[in-house]
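*Asks:* Structure provided below as structure tokens; questions to follow.
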Amino acid sequence: MGRLQLDPFLNELTSMFERNTEQGSVWVTLKRSSDKSKAQLNKLASKGEAIEYKCLVRASDGKKNISTLVGAKDHQRFQASYATILKARMTALKKRERKDKRKSTEVDKKQGGVSKKSNAKKA
Amino acid sequence: MVYITSWDDFVERSVLLFRAHPDKTRYVMKYRNCDGKLVLKVTDDKECLKFKTDQAQDAKKMEKLNNIFFTLMARGPEVDFNEVAGKEQAEAQPAKKGRGRKQ
């Protein structure tokens with residue numbers, strides 16, 4: 000179980016994605032946590048103090064586990080870096096190619112048809 | 000498993016679930032590059048909502064959902080995330096004005 004600082008966590012996450020390109024999955028879990036034990040929580044609650052919550056981020060590739068805690072101050076920065084990593088790595092997802100519309104326009108040019116729908120049906 | 004077909008429905012119900020049980024709700028993402036599949040799960044260990052996709056456009060939508068969850072979890076479930084969006088817009092506007100003046 001690797002509890003890392005923010006930046007090392009992001010670096011490890013990147014390499015995790017890299018390692019699992021040809022096979023395997025990458026799991027990322029987000030959960031609210033205060034990083035305190037139940038006893039401490041009860042103490043704080045009875046005193047009437049506000050409990051500071053953070054976001055626990057865990058990542059795994061089935062073999063290695065890493066995690067980090069993101070506080071309210073860091074969350075904007077972490078969120079930006081995390082989004083960048085995901086955008087860069089999630090390349091295997093299908094992009095919406097508008098093949099249907101292209102085919103219908105090509106058919107229009109060839110046949111000089113009246114409506115796109117009727118041409119699509121013929122095709 | 001409870002797979003939800005509508006993205007907006009998934010987002011709305013996930014946020015409701017989180018606001019109801021902020022300590023128990025977790026948001027899980029599984030990405031498989033070899034299959035080109037992305038699965039999202041939000042659960043409080045009683046109710047489970049899932050969403051799966053292979054579309055790149057859903058990755059962009061997921062980014063927005065990530066932002067929502069980060070804000071909710073770090074700052075608290077009472078946070079109105081339109082506030083956060085508003086702040087970002089406010090930061091963007093002076094930057095644009097600055098560029099105009101320099102020119």
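Protein chains in written order, with numbering that gives the first Met the number 0: chain R, 0 to 122; chain L, 0 to 102.
Ideal placement from N, C-alpha and C gives every residue a C-beta, glycine not left out.
Please read these numbers as outputs of a predicted model, since none were measured by experiment.
1) Could you name the residues of the same chain whose beta carbon sits closer than 8 Å to that of S114 (chain R), not counting the 5 residues immediately before and after it, in chain order?
2) Is it the case that the Cβ atoms of G61 (chain R) and S14 (chain R) are separated by a distance below 9 Å?
3) To be precise: take each residue of the segment 80-92 of chain R, compare its Cβ to all Cβ atoms of chain L, and keep it if any distance is under 8 Å. Which residues remain?
4) How is T90 (chain R) classed by DSSP in three states: helix, strand or coil?
5) Whose CA, out of L:K59, L:F68, L:N66, lies closest to the CA of K93 (chain R)?
6) Terminal residues of the continuous beta strand (DSSP E) containing V25 (chain R)?
7) Where does C54 (chain R) land, buried or exposed, given buried means 16+ other C-beta within 10 angstroms?
8) With 8 Å as the C-beta to C-beta threshold (strictly closer), list the residues of the segment 17-44 of chain R near chain A in chain order.
9) Check each candidate in L:R74, L:K45, L:D53, L:I67 and name the one with the smallest Cα separation from K29 (chain L).
10) Which residues bound the beta strand (DSSP E) around R117 (chain L)?
11) With a threshold of 8 Å, are at least 3 pairs of Cβ atoms found where one atom belongs to the segment 11-20 of chain L and the other to the segment 61-79 of chain R?
12) Which stretch, first to last residue, makes up the beta strand (DSSP E) that contains S53 (chain R)?
13) Interface residues of chain R around L15 (chain L) at Cβ under 9 Å?
14) Mapping the DSSP letters down to three states, classify Q54 (chain L) as helix, strand or coil.
15) When the Cα atoms are used, what is the spatial distance from D6 (chain R) to F68 (chain L)?
16) Does K29 (chain L) have its Cβ less than 9 Å from a Cβ in chain R?
17) Establish whether the CB of K94 (chain R) and some CB of chain L are separated by less than 9 Å.
18) So, does the CB of C33 (chain L) fall closer than 9 Å to a CB anywhere in chain R?
19) Leaving out five residues on either side along the sequence, give the residues of the same chain with a beta carbon under 6 Å from the beta carbon of S66 (chain R).
20) Roughly how many angstroms lie between the CA atoms of Q22 (chain R) and L43 (chain R), to the nearest whole one?
21) To which residues does DSSP link L40 (chain R) through a beta bridge?
*Replies:* If we stick to the structure as given:
1) At S114 (chain R) the pLDDT is 48, less than 50, meaning the model places this residue with poor confidence and gives no usable figure here.
2) For the pair G61 (chain R) and S14 (chain R), the CB atoms are not nearer than the 9 Å cut-off.
3) Within the segment 80-92 of chain R, the residues whose Cβ lies closer than 8 Å to some Cβ of chain L are Y81, A82, L85, K86, R88, M89, T90, A91, L92, listed in chain order.
4) T90 (chain R): coil per DSSP, three-state reduction.
5) The shortest Cα separation from K93 (chain R) among L:K59, L:F68, L:N66 belongs to L:K59.
6) Run containing V25 (chain R): 25-32, per the beta strand (DSSP E) assignment.
7) Buried, by the Cβ-count rule.
8) As a matter of chain content, chain A is missing from the structure shown, whose protein chains are R and L.
9) For K29 (chain L), the nearest C-alpha among the options comes from L:D53.
10) The requested residue 117 (chain L) does not occur in the structure, where chain L is confined to residues 0 to 102.
11) Short answer: they don't touch.
12) The question names Ser, but residue 53 (chain R) is Lys in the sequence shown. That run of the beta strand (DSSP E) goes 53-59.
13) Going along chain R, no residue has its Cβ under 9 Å from L15 (chain L), so there is no contact; the nearest lies around 15 Å.
14) The three-state secondary structure of Q54 (chain L), taken from DSSP, is strand.
15) C-alpha separation (whole angstroms): 20 Å.
16) Chain R, which has a Cβ nearer than 9 Å to the Cβ of K29 (chain L), makes this yes.
17) Yes, K94 (chain R) lies at the interface with chain L (some Cβ there is under 9 Å from its Cβ).
18) Yes, because at least one Cβ of chain R sits closer than 9 Å to the Cβ of C33 (chain L).
19) Close CB contacts of S66 (chain R) within its chain, under the 6 Å cut and outside five residues either way in sequence, are with R2, R57 (chain order).
20) Whole-angstrom Cα-Cα distance: 46 Å.
21) Looking at the DSSP assignment, L40 (chain R) forms no beta bridge with any residue, so it has no partner.
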